[in-house]
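Chemist: Just so you know, the sequence shown maps onto residues 8 to 312 in my numbering.
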Amino acid sequence: MIAAFYLLLAIPHPLAAQKITILYSNATFTGTALFVAKDAELCKQKGIDLELVLGGGSAPTVSAIVGGYVQFIHVSASSIVNAALQGGPIVIVAKVMGPPPYKLVGGKSIKNVADLKGKRIAVNRFGGAPDFLLRQSLAKNGLEVPKEVTILQTGDPTARLGSLFSGAMDAAMLLVPEEKVAVEKGYPVIIDFAALGLPYVNIVFGANKRFLEQSPGLARSFLGCYWDGVRKAKEEPEIAKRALAHWTRASDASLLDYTYKTWRADYAPQSLKVESRELELILASAPKPASQKEAPQLLDMRYLP
8 MIAAFYLLLA IPHPLAAQKI TILYSNATFT GTALFVAKDA ELCKQKGIDL
58 ELVLGGGSAP TVSAIVGGYV QFIHVSASSI VNAALQGGPI VIVAKVMGPP
108 PYKLVGGKSI KNVADLKGKR IAVNRFGGAP DFLLRQSLAK NGLEVPKEVT
158 ILQTGDPTAR LGSLFSGAMD AAMLLVPEEK VAVEKGYPVI IDFAALGLPY
208 VNIVFGANKR FLEQSPGLAR SFLGCYWDGV RKAKEEPEIA KRALAHWTRA
258 SDASLLDYTY KTWRADYAPQ SLKVESRELE LILASAPKPA SQKEAPQLLD
308 MRYLP
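#1: Straight-line CA distance for residue 117 to residue 289?
#2: Where are the beta strand (DSSP E) runs, 3 residues long or more, that stay fully inside the stretch 37-77, in chain order?
#3: How would you label residue 78, buried or exposed, when you count the other beta carbons within 10 angstroms and need 16 or more for buried?
#4: So, is residue 142 buried or exposed, given that buried needs 16 or more other C-beta atoms within 10 angstroms?
#5: Using the three-state DSSP reduction, which class does residue 168 fall into: helix, strand or coil?
#6: Alpha carbon to alpha carbon, how far is residue 267 from residue 238? Give it in angstroms, no decimals.
#7: The alpha helix (DSSP H) with residue 266 in it runs from where to where?
#8: Might you give, ordered along the chain, the residues of its own chain that have their beta carbon closer than 6 Å to the beta carbon of residue 1, omitting 5 neighbours on each side?
#9: What is the rounded straight-line gap between the Cα of residue 160 and the Cα of residue 170?
#10: With H, G and I counted as helix, E and B as strand and the rest as coil, what does DSSP make of residue 35?
#11: If you drop the 5 nearest sequence neighbours on each side, which residues of the same chain put their C-beta closer than 8 Å to that of residue 252?
#12: Can you find the residues in the same chain that come closer than 6 Å, C-beta to C-beta, to residue 106, ignoring five residues on each side of it along the sequence?
#13: Between the C-alpha atoms of residue 37 and residue 310, what's the straight-line distance to the nearest angstrom?
#14: Quick check: residue 55 and residue 229, are their CB atoms within less than 7 Å of each other?
#15: Let me know the secondary structure DSSP gives residue 307 once reduced to three states.
#16: Counting Cβ pairs, one atom from each stretch, are 3 or more of them under 8 Å apart for the stretch 238-247 and the stretch 112-129?
#17: Cα-Cα, which of 46, 47, 92 and 59 is closest to residue 3?
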């Protein structure tokens with residue numbers, strides 16, 4: 008009996024998977040590759056137990072990583088930059104989506120940006136990429152917020168679409184596939200942000216600096232399995248569409264097909280590397296750090312596969 012016990016100890020056992028928790032700000036098509044990596048169990052192959060948690064907007068998502076409660080966040084680059092400039096121990100480690108996939112869609116009486124004076128515009132949450140880009144564009148067109156235009160938080164994409172259709176909002180920042188639904192009903196696109204060619208990175212992975220210092224190998228392994236998710240999502244449409252349906256709770260087959268094809272053609276990353284020039288627009292309007300002698304490090308690309 009004792010001999011059998013020692014024999015059992017001598018048998019090699021696989022190491023327990025290391026848990027990584029990813030907080031993602033919104034359940035939209037921007038998470039396509041992440042959702043595929045999770046549902047296809049690609050991270051398990053690299054010894055990672057991957058947990059995805061919905062953060063409910065940029066602000067709470069960034070707060071969680073600044074506090075060290077999660078290892079990575081999947082969120083707008085502008086949110087991370089602003090937190091880092093205020094001293095948060097956070098850095099951008101990979102690109103998720105470059106071009107901003109947002110369209111400002113107006114009510115049927117809105118023909119151009121000038122018509123938005125005195126109107127109300129819906130965004131998901133203050134501080135995220137849609138809010139940032141909208142404010143930038145309004146200012147560029149000479150409209151002052153909140154004096155001349157009111158921006159209001161209305162929550163998820165379905166809520167924004169509903170507020171536009173009901174007339175509660177005069178315009179809304181819409182994402183794929185809601186913008187397609189609105190346009191098909193005759194609502195005009197006032198600004199197509201992807202078509203502007205902005206030097207901009209939209210969605211990124213951010214990581215807590217202490218975690219990166221303590222577990223560089225784990226960070227590399229996660230970003231490796233994420234890149235596997237990107238490739239699998241590009242190569243296997245049905246797997247990608249099932250993952251999108253699961254995590255975004257979308258059920259319309261035609262809209263799922265449109266969403267996937269749009270992601271693959273226009274927004275799937277060709278590289279995970281973020282270039283410094285892609286932060287220039289964000290930095291130009293970011294609040295300047297009041298107490299830091301030098302600008303913090305915003306990018307750390309050492310962990311890319």
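For each residue, glycine too, the CB sits at the ideal point set by N, CA and C. Keep in mind the model is a prediction, meaning the values are calculated, not measured.
Modeler: According to the structure shown:
#1: 28 Å
#2: 55-61
#3: buried
#4: buried
#5: helix
#6: 14 Å
#7: 260-269
#8: Absent from the model: residue 1. The displayed extent of the chain is 8 to 312, so no value can be given.
#9: 11 Å
#10: coil
#11: 258 and 263
#12: 201
#13: 21 Å
#14: yes
#15: coil
#16: no
#17: Residue coverage of the chain in this structure runs from 8 to 312, which leaves residue 3 outside it and unanswerable.
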